[in-house]
Structure formats: structure tokens, C-alpha cells
Amino acid sequence: MRSPQFSSFVILVVLLVVFAVADGNFLSPLNISNMMAFLPELGIIALGMTLLLTAGEFDLSVGAVFALAPVVVMLPVQNAGVDIGVALLAGLLLCIAIGAINGVIVTKIGISSFLVTLSMLLVVRGAALYITQGFPLKSWDQPGFLVTLLAGSFNIGAFRFYTSLWWFVGLSLLAVYVLRYAKLGNWISAIGSNRNAAVARGVPADAVKIWLFILTSVLAGLAGMISAFRISAASPVAGTGYELEVIAMVVVGGTALTGGRGTILGTIVGALMLRAIRNGIVLVGVPGLAYNIFVGVIILAMLILHALLQKNAARS
Amino acid sequence: MQEVLRLQNLQKSFGSVRALKNASLTLKEGDVVALLGDNGAGKSTLIKAISGVFPIDRGDIYVRGEKVSIRSTREAMDLGIETIHQDTSLAPDLSIARNLFLGREPVNLKWLGVFAPIDLAKLRDAASALLKRVGISKKLDADALVSTLSGGERQSIAISRAMQFAAKVIILDEPTNNLGVEETHGVLRFVKEMREAGHSVLLITHNIHHVFEVADRIIVMRRGEIVAEQTVADTDLLTVESLITGADVSALMKRAQ
Ligand SMILES: Nc1ncnc2c1ncn2[C@@H]1O[C@H](COP(=O)(O)OP(=O)(O)OP(=O)(O)O)[C@@H](O)[C@H]1O
Ligand SMILES: [Mg+2]
Chain A
2 MRSPQFSSFV ILVVLLVVFA VADGNFLSPL NISNMMAFLP ELGIIALGMT LLLTAGEFDL
62 SVGAVFALAP VVVMLPVQNA GVDIGVALLA GLLLCIAIGA INGVIVTKIG ISSFLVTLSM
122 LLVVRGAALY ITQGFPLKSW DQPGFLVTLL AGSFNIGAFR FYTSLWWFVG LSLLAVYVLR
182 YAKLGNWISA IGSNRNAAVA RGVPADAVKI WLFILTSVLA GLAGMISAFR ISAASPVAGT
242 GYELEVIAMV VVGGTALTGG RGTILGTIVG ALMLRAIRNG IVLVGVPGLA YNIFVGVIIL
302 AMLILHALLQ KNAARS
Chain B
183 MQEVLRLQNL QKSFGSVRAL KNASLTLKEG DVVALLGDNG AGKSTLIKAI SGVFPIDRGD
243 IYVRGEKVSI RSTREAMDLG IETIHQDTSL APDLSIARNL FLGREPVNLK WLGVFAPIDL
303 AKLRDAASAL LKRVGISKKL DADALVSTLS GGERQSIAIS RAMQFAAKVI ILDEPTNNLG
363 VEETHGVLRF VKEMREAGHS VLLITHNIHH VFEVADRIIV MRRGEIVAEQ TVADTDLLTV
423 ESLITGADVS ALMKRAQ
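First to last, the sequence lines map onto chains A and B. All residue numbers for the first sequence refer to this note's numbering, where the first residue is 2 and numbers rise by one. All residue numbers for the second sequence refer to this note's numbering, where the first residue is 183 and numbers rise by one.
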């Protein structure tokens with residue numbers, strides 16, 4: 002029971018207890034509902050990022066894609082009367098293209114994913130700003146099937162949940178299945194662990210990585226749509242800094258930044274933890290401007306803990 | 183004996199480095215051929231070309247008399263060529279069992295393609311059976327991570343993987359490097375077993391004593407070319423050593439007397 006996701010889970014429980022004791026409102030239906038509303042948006046991106054990190058790459062452009070996708074979908078619908086279905090398809094193709102470009106440059110030209118996706122972040126964020134001239138779009142006033150599907154809400158007792166939670170749960174189950182039980186998951190871990198070994202066994206490493214970049218981009222776009230529908234608006238600066246928050250969730254959960262070792266359950270724990278921290282320290286009364294200090298310190302502490310556990314495991 | 187693998191005039195350059203110039207050789211059924219040569223002679227390049235790691239620039243490869251083109255490692259494996267590379271070929275973060283079947287995982291619901299679930303029970307059983315057969319000194323658990331194994335144990339795992347798919351041609355690139363006495367004997371025993379079972383083995387090594395223990399023939403490479411080919415029965419250690427370094431044999435013989 003020394004597994005990284007387990008130790009993360011213990012710390013999550015400790016954090017929840019501390020926050021609950023410190024502030025009675027932390028576990029109130031309203032606050033839990035609030036946390037659950039935000040959770041899926043970053044959580045969905047984190048699932049893709051976990052698979053990508055396990056294969057030994059990462060993607061810094063997700064936060065920008067999170068902003069660009071809803072802009073590209075909503076703008077033509079609002080300004081040119083384009084059908085929402087067509088617009089969504091265009092958004093999807095855009096995300097696929099961004100992921101494919103990332104993946105192809107990383108694998109075929111051999112530039113590190115840090116540099117490639119950092120550049121892509123600038124391109125995509127820049128595109129979102131340019132298209133919108135820097136202003137948020139008009140608020141979205143067209144309810145419909147898709148809006149309900151992505152950002153509808155429902156009540157269970159005193160709790161109010163969004164359908165995005167189901168998306169997160171469903172995608173999580175799929176990701177757990179793929180990484181742990183499917184042939185593809187074995188390939189992903191092997192590629193991140195020792196790429197040459199995987200290639201020597203006939204594993205199509207480049208193709209797998211390219212598909213994972215595409216998946217991560219598409220999930221970032223989906224999360225962006227969910228968020229935009231939920232707050233009924235798209236903004237070119239949405240999702241700023243999300244790339245690092247998502248990577249933090251993933252590594253706090255126990256996935257190795259160096260590839261080969263990934264855990265979806267850990268990522269879910271990591272997503273819950275960062276959400277709880279962000280929410281809890283505000284309730285506890287840490288001044289808003291100071292709270293990144295706490296988030297950073299807690300993340301560091303988690304990583305140190307994982308490293309120590311890893312060392313111990315290697316010794317025994 | 184039937185011809186299994188024939189290479190004709192293989193050439194390969196890396197930029198301006200001509201790593202392989204006109205290499206030709208033939209392997210027969212049950213043949214154990216030792217490929218010798220100094221560092222940088224082109225041995226690894228030759229076997230990487232056969233195992234599909236990179237394409238050759240020029241030349242032909244025949245498997246059982248039929249001309250083939252090997253464009254990927256997968257194609258080489260499908261032709262029955264299993265390679266154990268010098269830079270070990272295991273993924274340390276995966277279990278032994280998962281490494282043994284990497285790229286050829288037994289699955290249920292095959293129609294799901296890469297999303298098909300691995301048949302974990304079968305994976306485990308096959309792995310355990312295989313580990314027993316290789317007879318590694320220490321008892322290894324099929325679920326243990328490869329990162330917890332010693333270099334020798336890893337080498338044995340890589341070798342048992344080649345055994346399991348009953349390849350026609352098994353290529354070993356310096357398999358006894360970094361191995362202890364016992365593991366080294368295990369590898370040599372394995373080579374002999376393979377010959378008895380009718381497989382062909384191409385063995386790269388810097389240890390000439392091992393060559394005389396297991397090989398039938400010796401092929402010597404120097405600067406990208408095959409410079410000599412001899413049967414083990416017709417040669418001796420000193421001759422082979424001088425062939426590798428390119429020193430004048432008769433001068434050496436005189437000095438030795
Ligand atoms: N991927 C590569 N890119 C550029 N040059 C290479 C590459 N692989 C090999 N070479 C060069 O080709 C030549 C032959 O290398 P090779 O690895 O085949 O030697 P080797 O006979 O296996 O040597 P060793 O006994 O040291 O393993 C060397 O000069 C090497 O530097
Ligand atoms: Mg070599």
C-alpha cells in the first residue's frame with residue numbers, strides 16, 4: 002500500500018478533514034456543489050495529460066486550446082448564424098489539428114514537447130486574442146440539446162450537479178480501462194519507460210504519441226466548451242495557467258514526469274486535491290493574493306513525499 | 183541444411199559515416215555464427231538492419247530463399263527474426279510478464295484492436311512457465327517490475343522472450359555483457375539449446391572464448407566490411423584475434439614462438 006496514488010489519497014483525506022474542521026461550510030451542500038462544478042473541467046484535461054505524460058511527453062498548449070475552442074465554435078454561431086452542429090465540428094477538427102501538429106513535430110522532427118507545445122501555447126492563445134480582439138464574446142443565449150448535454154445541471158437533494166460530472170466519470174473509467182487493462186495501455190507505459198525497447202517489439206511509438214497529443218487537445222477543447230456553456234460565455238483569456246495546474250494534478254497523483262509510470266486514479270485524487278485546496282484555503286481565510294503560495298507549497302510537499310516513497314521502495 | 187537467412191551486399195551510411203559497406207552472409211538452419219569485430223566495426227548496424235530498426239540503403243535480404251524487405255521491427259519479428267539488442271530491450275517500469283509479451287499481448291475481444299483487454303491470466307501463466315523454462319537461478323515473480331532486477335536477470339528475461347516466439351533466427355548483440363559467471367553460462371547454454379532445436383543464432387560478442395565454446399562459424403567485420411569467414415574447427419584463437427585487429431598473423435605467430 003505504498004503506491005503513490007494511495008499516499009496521495011491519504012493526504013487528500015487529511016486535507017478534507019482539516020478544511021472541514023477549520024470551516025463548517027466546507028462540507029456544506031453549496032460548497033461541495035461548487036467544487037464539483039469546477040472539478041470536471043480541469044479533470045478532463047488531466048486525464049489526457051496523464052496518458053501523455055505516461056508516454057513520456059506533455060502538452061503546455063491545453064490552457065490556450067481551452068480558450069480557443071469555444072471562441073471558434075461560438076463566434077460564427079453568434080455573428081454569422083452558422084449552425085451549432087457545424088461549428089462544433091469545426092472546433093473539433095481544429096483541436097485535432099492542433100494535437101496532430103504538436104505530435105508530428107515532437108515525434109517526426111524530434112523537438113522536445115516542452116518547446117513545441119510552448120510555442121503552440123503562444124500561437125493558440127494569440128489566435129484566440131486576435132479573433133476576439135481581446136474581448137469576451139457576447140453571452141450565449143441559445144439553450145439547446147448540446148448545452149444540456151455538456152453543461153446541464155440537476156439536483157440531488159440539496160446538491161446541485163452538472164452533467165459535466167458524468168462526462169468526467171465516464172472518461173475516467175475509460176482512461177483507467179485503457180491504461181491498466183488494454184493492449185494500448187501497455188504500449189503507452191512501455192513507450193514512456195523505454196521507447197527504444199517498445200519500438201524494437203514492434204510498438205508504433207510515434208503513432209501512439211501523436212494520437213495522445215490529439216486526444217489531449219480534444220479533451221482540452223471539450224473542457225473549454227463545457228466551461229463556456231456553463232458560464233454562458235467564451236473568453237479569449239479563459240484557462241490561462243491551466244496547463245501547469247493540470248500537470249500539477251497529474252504529478253501530485255503519482256504519475257512520473259519522466260514517463261513510464263502513470264495512474265488515472267492518482268490523477269483523480271490529484272484533481273480533487275487541487276480543487277479542495279483552492280476552495281478550502283479561501284474558506285479558511287487565507288487572503289486571495291496569498292493562496293498560490295499555499296498551493297505551491299502543498300504541491301512541493303506532495304512531490305517530496307512521492308520521491309521519498311519511491312526511494313524507500315527501491316531500497317527494500 | 184536449409185538456408186534460413188541470406189544477406190547480399192548490404193550497405194548503410196549515417197551521414198558521411200559508412201557503417202556498412204557491402205556486407206554479405208548466409209545463415210543455415212541450426213547454424214551458430216559468431217559476428218566479431220572491434221568497437222565501431224559495424225556489427226550492431228548490421229543486425230539492426232536485419233531486425234528492422236532502420237532501413238538499409240542498398241542490398242538484398244532473403245529469408246528461406248525468398249527476397250524480403252524489412253521496413254519495421256514488426257516485419258522482422260513476423261518473418262521469425264528475434265533480436266536482443268545491446269542497449270537492453272526491456273521497459274523497466276513494466277512487469278516481467280508485460281515485458282515478455284510487449285507488442286504481442288494475448289488479448290480477449292480481439293476485434294477491439296489496440297483497445298482490446300489483455301488476457302491477464304494467460305499473460306501471467308505463460309510468463310511463469312517461461313521463467314521456469316529459462317531456469318534463472320533466483321525465483322522471479324512474473325509480476326515483479328523489471329526495474330527491480332539485476333542486469334543479468336534482465337538479460338535472461340530478454341532472452342527468454344526470444345525463445346518463446348520460437349523464432350527462426352535469433353540475434354544476440356553482446357548478450358553476456360555485464361553478466362555474472364552463472365548467467366553467462368545460462369546464455370551459452372541457451373545458444374546451444376537453440377541450435378539443437380534447429381534455430382539459427384547470430385551471436386555478437388567480444389569474448390572469443392565464448393565463440394569457441396558455442397559457435398560453428400566465425401565472421402569478422404572491420405570498418406563496415408566482412409573481412410574473414412572461418413569455421414571454428416579450422417581456426418584458433420590467435421588467428422581470430424589478429425583478424426579482428428587486422429594485425430599481420432605470421433608476424434604475430436613468430437613473436438609468439
Ligand atoms: N545511429 C547512428 N548514427 C550515426 N552513426 C552511427 C549510428 N549507429 C552507428 N553509427 C556509427 O557506425 C559505426 C558502426 O557502429 P556499430 O554500432 O555498428 O558498431 P559495433 O560493431 O556494434 O561496435 P561495438 O562493438 O562497440 O558495439 C560507428 O562508427 C558508429 O559511430
Ligand atoms: Mg554494437
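Just so you know, even glycine gets a beta-carbon here, dropped at the ideal spot from N, CA and C.
Which full runs of the beta strand (DSSP E) of 3+ residues lie inside the segment 336-369 of chain B, going along the chain? Taking only runs of at least 3 residues, the beta strand (DSSP E) segments lying wholly in the segment 336-369 of chain B are 351-355.
Comparing the CB of B:Lys-203 with every heavy atom of ligand 1, is any distance shorter than 8 Å? Checking the Cβ of B:Lys-203 against ligand 1 gives no.
Length-filtered (4 minimum) alpha helix (DSSP H) runs lying within the segment 117-152 of chain A: The alpha helix (DSSP H) runs lying completely inside the segment 117-152 of chain A and spanning 4 residues or more are 146-152, given in chain order.
A:Asn-80 CB to nearest heavy atom of ligand 1 below 8 Å: A:Asn-80 Cβ: outside cutoff for every heavy atom of ligand 1.
To the nearest angstrom, how far is it from the Cα of B:Lys-194 to the Cα of B:Arg-188? B:Arg-188 has its alpha-carbon roughly 17 Å from the corresponding atom of B:Lys-194.
CA-to-CA distance, A:Asn-195 to A:Ile-157, given in whole angstroms: About 47 Å.
If you reduce the DSSP assignment to three classes, tell me which class B:Asp-398 lands in. Note: B:Asp-398 maps to coil in three-state DSSP.
Quick check: B:Leu-282 and B:Ile-353, are their CB atoms within less than 9 Å of each other? Cβ distance not < 9 Å, so B:Leu-282 and B:Ile-353 don't count as in contact.
With 7 Å as the C-beta to C-beta threshold (strictly closer), list the residues of the segment 280-301 of chain B near chain A in chain order. For the segment 280-301 of chain B, which is checked against every Cβ of chain A, the residues closer than 7 Å are Arg-280, Leu-284, Gly-285, Glu-287, Val-289, Val-296, Phe-297, Ala-298, Pro-299 and Ile-300.
Just to confirm the assignment, what range does the alpha helix (DSSP H) spanning B:Ala-205 have? For B:Ala-205, there is no enclosing alpha helix (DSSP H); the residue is part of the beta strand (DSSP E) that begins and ends at 199-210.
Going along the chain, which residues of its own chain have a beta-carbon closer than 6 Å to the beta-carbon of A:Gly-44, five neighbours each way excluded? In its chain, beyond the 5 residues on either side, Phe-169 and Ala-272 have a beta carbon closer than 6 Å to the beta carbon of A:Gly-44.
According to DSSP, is B:Ser-319 part of a helix, a strand, or is it coil? In this predicted model, B:Ser-319 has a pLDDT of only 49, less than 50, meaning its place in the structure is not dependable; the value taken from the coordinates is given anyway. B:Ser-319 falls in the coil class under three-state DSSP.
Taking the C-alpha atoms as reference points, what is the distance between B:Ser-332 and B:Leu-207? Using only the alpha carbons, I get a separation of about 35 Å.
Closer than 9 Å, CB to CB, is B:Ala-344 near chain A or not? Not an interface residue.
Rounded separation between B:Ser-319 and B:Arg-280 - CA only: With a pLDDT of only 49 at B:Ser-319, under the threshold of 50, the placement of this residue in the model should not be trusted; the figure read from the coordinates follows. Computed Cα separation, rounded: 21 Å.
Contact criterion: CB-CB distance below 9 Å. Does A:Ala-183 meet it with respect to chain B? It does: the Cβ of A:Ala-183 has a partner Cβ on chain B nearer than 9 Å.
Closest to A:Val-78 by C-alpha separation, out of A:Ala-302, A:Gly-267, A:Met-303 and A:Ala-235, would be which residue? Closest in C-alpha terms to A:Val-78, from the list A:Ala-302, A:Gly-267, A:Met-303 and A:Ala-235, comes A:Ala-235.
Please classify A:Thr-108 as buried or exposed, where buried requires at least 16 neighbouring CB atoms within 10 angstroms. Residue environment for A:Thr-108: buried (at least 16 other C-beta atoms within 10 angstroms of its C-beta).
Are the C-beta of B:Ala-273 and some C-beta of chain A separated by less than 9 Å? For B:Ala-273, the nearest CB of chain A lies under 9 Å from its own CB, placing it at the interface with that chain.
Locate the beta strand (DSSP E) running through B:Ile-238, then write down its first and last residues. No residue range can be given for B:Ile-238, since it is assigned to no beta strand (DSSP E) and is classified by DSSP as neither H nor E.
Positions along the segment 233-252 of chain A whose CB lies within less than 8 Å of some CB in chain B: Listed by position along the chain: nothing, the set is empty.
Excluding the 5 residues flanking A:Val-209 on each side, which residues of the same chain have their C-beta closer than 8 Å to its C-beta? Same-chain partners within the cutoff: Ala-56, Leu-185, Trp-188, Ile-189 and Ile-192.
Where do the ends of the beta strand (DSSP E) carrying B:Glu-257 lie? Note, B:Glu-257: premise wrong, no beta strand (DSSP E); alpha helix (DSSP H) at 255-260.
B:Thr-265, DSSP secondary structure in three states: The three-state reading of DSSP puts B:Thr-265 in strand, counting E and B together.
Hey, could you find the ends of the beta strand (DSSP E) B:Val-214 is sitting in? Unbroken beta strand (DSSP E) run through B:Val-214: 214-218.
If I'm right that B:Glu-264 touches B:Phe-372 with Cβ under 8 Å, what's the distance once you round it to whole angstroms? With 8 Å as the limit, B:Glu-264 and B:Phe-372 do not qualify as a contact, their Cβ atoms being about 12 Å apart.
Using a Cβ-Cβ cutoff of less than 8 Å, which residues in the same chain neighbour A:Val-204 once the five nearest sequence positions on both sides are dropped? Within the same chain, Cβ atoms closer than 8 Å to the Cβ of A:Val-204 are found at Trp-188, Ala-191 and Ile-192, the five residues on either side in sequence being excluded.
Could you give the first and the last residue of the continuous alpha helix (DSSP H) run that contains B:Arg-246? Looking at the DSSP string, B:Arg-246 is not in any alpha helix (DSSP H), and its letter there is neither H nor E.
Contact between the segment 7-24 of chain A and the segment 251-271 of chain A: three or more CB pairs below 8 Å? Segments in contact, yes.
Is B:Asp-355 near ligand 1, with its Cβ less than 8 Å from a heavy atom? Flag set: Cβ of B:Asp-355 near ligand 1.
Throw me the rounded Cβ distance for the B:Leu-218 and B:Leu-384 pair, which I believe falls under 8 Å. About 11 Å separates the two Cβ atoms, so there is no contact after all.
Based on the DSSP secondary-structure assignment, which residues constitute the bridge partners of B:Glu-407? B:Glu-407 is bridged to B:Arg-404.
For B:Ile-252, does the three-state DSSP call read helix, strand or coil? DSSP, read as helix, strand or coil, puts B:Ile-252 in coil.
I need the straight-line Cα distance from B:Met-345 to B:Leu-312, nearest angstrom please. Computed Cα separation, rounded: 9 Å.
C-beta neighbour in chain A for B:Ser-254, strict 9 Å: Yes, because at least one Cβ of chain A sits closer than 9 Å to the Cβ of B:Ser-254.
Between B:Lys-225 and ligand 2, is there a pair consisting of the residue's CB and a ligand heavy atom that are separated by less than 8 Å? The beta carbon of B:Lys-225 sits closer than 8 Å to at least one heavy atom of ligand 2.
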